[in-house]
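For reference, the structure is listed below as structure tokens.
In our numbering, the protein residues as written are 3 to 575.
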């Protein structure tokens with residue numbers, strides 16, 4: 003086919019391009035006019051005052067023809083208005099207002115105005131006293147199919163090509179744009195990762211268009227049931243990751259044993275943040291996703307973990323390795339007993355879940371390596387000691403708990419390291435071997451007096467102490483006695499030297515053994531005219547120059563380091 007055959011009505015490619023540009027301009031003008039009309043219409047709606055009393059309560063269906071919306075709006079449907087999502091609770095008239103109104107319960111209560119009642123008449127009920135409001139259908143976003151969304155996201159000029167086809171006929175499109183369309187269609191077939199978040203998807207099927215898809219983001223769309231989600235992802239045989247965050251899906255109204263809906267067997271990662279899930283919903287997820295390895299369900303409505311009779315969690319999630327429950331207000335006393343039976347679980351996030359205690363006992367969490375307990379209500383060291391039962395635990399995140407306020411941040415870190423021997427990382431910071439050794443020796447010193455007193459009481463409060471004694475030997479009573487004697491003496495003389503910064507003539511200072519390292523650091527900083535934070539302090543014994551110890555625990559008193567009169571304080575920066 004030659005150019006003449008391709009363009010029987012247009013003389014030359016240049017003329018065709020000019021005609022094409024004119025069509026585009028006309029289309030844009032039509033679009034702007036439509037927007038102006040819609041804005042004017044909305045202004046009329048805003049001028050309406052809903053001041054009538056009473057009302058007719060009836061269910062209805064609205065076909066939003068004003069905005070060419072083919073999908074009917076019904077009670078129970080998910081809707082979007084601007085950036086807010088909700089569920090339709092009522093469709094019908096409101097007395098004193100013309101036309102039909104849609105009563106919506108919004109996910110975010112701040113978007114609403116009432117609880118579904120107006121002027122003494124209840125039109126619908128809401129869970130929150132101010133999460134309901136009435137809107138016009140024209141204010142709601144138009145739902146679209148997954149097929150439309152994938153073309154909108156990855157072939158954004160499809161609408162323009164369709165318009166051009168109507169104006170020029172198929173032969174022009176074949177000549178000007180067919181190669182590009184074919185290339186894009188081929189690219190869609192090769193697409194591995196797709197992001198359709200926030201595109202008002204409510205139905206459709208993707209497998210004919212993107213059969214090789216591996217990762218799919220369907221967050222913040224208009225799904226209302228699992229059946230709709232399953233329809234969209236059905237036959238995606240390579241799908242491994244699915245993100246459904248921000249969707250509110252109805253809990254299936256059948257028993258777990260009768261539930262037969264299944265997501266692709268290839269699915270191993272599911273993310274559902276902010277979906278208002280309950281534990282019952284989680285159990286249905288397990289039934290739908292038998293091969294799931296990672297389940298991310300933070301910021302939901304999971305409080306209690308009731309189990310179906312004769313069904314344990316491990317049978318529902320036999321392959322689960324990574325579980326994120328962050329931000330759920332977990333009040334179930336059986337929490338750890340339930341989760342502890344997940345045999346393959348290696349990573350567990352329980353941050354911001356209101357946990358107060360850690361009732362962990364063997365054989366719970368046999369495979370667990372990572373545990374996040376940040377920003378909870380754990381207030382005792384006994385809870386930390388229970389983590390010693392997790393023999394494979396390597397990484398712990400624990401900041402933001404009340405027990406962390408009992409000591410300085412540095413001392414809290416050292417205490418946790420000493421108490422849990424298996425840790426290699428704390429609060430996402432690696433624990434070098436040297437730091438572990440120092441923390442464990444300091445721990446022996448800190449509680450050494452009890453070793454020569456009520457030893458049973460010591461081992462009950464500090465179950466790890468026996469292990470440390472076996473590793474480093476018991477504390478020496480003579481050292482502890484001399485330490486107590488030094489506390490009574492209160493003052494010691496330190497010879498402060500700066501060998502790396504001549505002149506290094508010693509400066510003699512008498513200081514109390516109860517002075518903290520931080521106070522000493524401030525004192526020395528003034529002497530050498532350097533910022534205190536920039537100084538490195540090393541204590542050297544006056545009896546044995548080979549005995550040196552770095553003073554790196556700012557909240558400890560000098561007596562903690564067994565300081566004696568005439569010891570050298572070596573200062574560098």
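Each residue gets a CB set at the ideal place from its N, CA and C atoms; glycine is no exception. All of these numbers come straight from a predicted model, not from anything done at the bench.
At the level of alpha carbons, what is the spacing between residue 244 and residue 266? Start at 1 with the first residue of the chain shown, and residue 244 comes out as number 242. Start at 1 with the first residue of the chain shown, and residue 266 comes out as number 264. Computed Cα separation, rounded: 10 angstroms.
Out of 329, 318, 478 and 95, which has the shortest C-alpha to C-alpha gap to residue 305? Looking up residue 305 in the chain shown gives position 303. Comparing Cα-Cα distances from residue 305 to each of 329, 318, 478 and 95, the minimum goes to 329.
Just the C-alpha distance for residue 360 and residue 368, rounded to the nearest angstrom, thanks. By 1-based counting over the chain shown, the position of residue 360 is 358. By 1-based counting over the chain shown, the position of residue 368 is 366. If you take the alpha carbons of residue 360 and residue 368, they lie about 16 angstroms apart.
If you scan the region 76-163 from start to end, which runs of the alpha helix (DSSP H) of 4 or more residues do you find wholly inside it? Runs found: 148-156.
Beta strand (DSSP E) segments (min. 3 residues) lying fully within the region 439-524: You should have 493-499 and 509-514.
Of the residues 510, 382 and 138, which one's Cα is nearest the Cα of residue 100? Taking the chain shown and counting its residues from 1, the one referred to as residue 100 is at position 98. Residue 100 has its Cα closest to that of 138, out of 510, 382 and 138.
Compute the Euclidean distance between the alpha carbons of residue 474 and residue 442, then round it to the nearest angstrom. As a first step, residue 474 is located in the chain shown; it is residue number 472 there, counting from the start. As a first step, residue 442 is located in the chain shown; it is residue number 440 there, counting from the start. The C-alpha of residue 474 lies about 9 angstroms from the C-alpha of residue 442.
Considering only the beta carbon of each residue, do residue 572 and residue 540 sit closer than 7 angstroms? Start at 1 with the first residue of the chain shown, and residue 572 comes out as number 570. Start at 1 with the first residue of the chain shown, and residue 540 comes out as number 538. Against a cut-off of 7 angstroms, the Cβ pair of residue 540 and residue 572 comes out as a contact.
Among 238, 291, 340 and 106, which residue has its Cα nearest to the Cα of residue 273? Working through the chain shown from its first residue, we reach residue 273 at position 271. The candidate whose alpha carbon is nearest that of residue 273 is 291.
Is the beta carbon of residue 238 less than 7 angstroms from the beta carbon of residue 204? Taking the chain shown and counting its residues from 1, one reaches residue 238 at position 236. Taking the chain shown and counting its residues from 1, one reaches residue 204 at position 202. Not a contact, by the Cβ cut-off of 7 angstroms.
Which residues share a DSSP beta bridge with residue 552? Reading the chain shown from its first residue, position 550 is the one you call residue 552. Answer by DSSP bridge pairing, in chain order: 540.
In three-state DSSP terms, what is residue 391? Taking the chain shown and counting its residues from 1, one reaches residue 391 at position 389. Residue state, collapsed to three classes: helix.
Give the C-beta separation of residue 2 and residue 224 to the nearest angstrom, bearing in mind that I take them to be a contact with Cβ-Cβ under 8 angstroms. An answer regarding residue 2 cannot be provided, because it is not within the stretch 3 to 575 covered by the chain.
If you check the beta carbons only, do residue 376 and residue 401 fall under 7 angstroms apart? The count along the chain shown starts at 1 and reaches residue 376 at position 374. The count along the chain shown starts at 1 and reaches residue 401 at position 399. Yes.
Less than 7 angstroms between C-beta atoms, sequence neighbours within five positions excluded: which residues of the same chain meet that for residue 339? Taking the chain shown and counting its residues from 1, the one referred to as residue 339 is at position 337. Excluding positions up to five away in sequence, the list is empty.
So who's on the other strand from residue 298, going by DSSP bridges? Residue mapping note: residue 298 aligns to position 296 of the chain shown, counting from 1. In the DSSP secondary-structure assignment, residue 298 is bridged to 273 and 326.
Out of 241, 234 and 107, which one is the CA nearest neighbour of residue 214? Working through the chain shown from its first residue, we reach residue 214 at position 212. Ranking the options by Cα distance to residue 214, first place goes to 241.
Classification of residue 523 by the beta-carbon crowding that lies within 10 angstroms, buried from 16 upward: Here residue 523 is taken as the residue at index 521 of the chain shown, counted from 1. With 16 or more Cβ atoms within 10 Å of its Cβ, residue 523 is classed as buried.
Within its chain, find whatever has a CB closer than 6 angstroms to the CB of residue 92; leave out the 5 residues flanking it on each side and keep chain order. For this step, residue 92 is matched to residue 90 along the chain shown. Within the same chain, Cβ atoms closer than 6 angstroms to the Cβ of residue 92 are found at 105, 125 and 126, the five residues on either side in sequence being excluded.
Test item: CB-CB of residue 410 and residue 298 under 7 angstroms: Here residue 410 refers to the residue found at position 408 of the chain shown. Here residue 298 refers to the residue found at position 296 of the chain shown. A distance of 7 angstroms or more separates the beta carbons of residue 410 and residue 298.
Would you tell me roughly how many angstroms separate the C-alpha atoms of residue 258 and residue 283, rounded to the nearest one? As a working note, residue 258 is residue 256 in the chain shown. As a working note, residue 283 is residue 281 in the chain shown. So the two alpha carbons sit approximately 10 angstroms from each other.
From the DSSP output, in three-state form, read off residue 243 for me. Looking up residue 243 in the chain shown gives position 241. In the structure shown, residue 243 sits in a strand (DSSP, three-state: E or B).
How far does the alpha helix (DSSP H) with residue 284 in it reach, from first residue to last? On the chain shown, position 282 is the one that residue 284 refers to. Following the DSSP letters along the chain, one finds residue 284 inside the alpha helix (DSSP H) bounded by residues 281-290.
Identify the residues that DSSP records as bridge partners of residue 418: which are they? Against the chain shown, residue 418 aligns to sequence position 416. None; residue 418 has no bridge partner.
Three-state secondary structure (DSSP) of residue 427: Here residue 427 is taken as the residue at index 425 of the chain shown, counted from 1. Strand at residue 427.
Got a sec? Which residues, its chain only, sit under 8 angstroms from residue 294 by beta carbon, not counting five neighbours each side? Numbered from 1 along the chain shown, position 292 holds the residue referred to as residue 294. Closer than 8 angstroms at Cβ, skipping near neighbours: 269, 270, 271, 272, 287, 288, 319, 321 and 322.
Just grab the DSSP bridge partners of residue 203 for me. Numbered from 1 along the chain shown, position 201 holds the residue referred to as residue 203. 146, per the DSSP bridge assignment.
Is residue 406 helix, strand or coil by DSSP? The sequence position of residue 406 within the chain shown is 404, counting from 1. Note: residue 406 maps to helix in three-state DSSP.
Starting from the C-beta of residue 559, find all residues in its chain whose C-beta is less than 7 angstroms away, skip the five residues before and the five after it, and write them out in chain order. For this step, residue 559 is matched to residue 557 along the chain shown. So the list reads 515, 516, 517 and 518, once near-sequence residues are dropped.
Look at the Cβ atom of residue 136, then the Cβ atom of residue 108, and state whether they are nearer than 7 angstroms. Taking the chain shown and counting its residues from 1, the one referred to as residue 136 is at position 134. Taking the chain shown and counting its residues from 1, the one referred to as residue 108 is at position 106. No.
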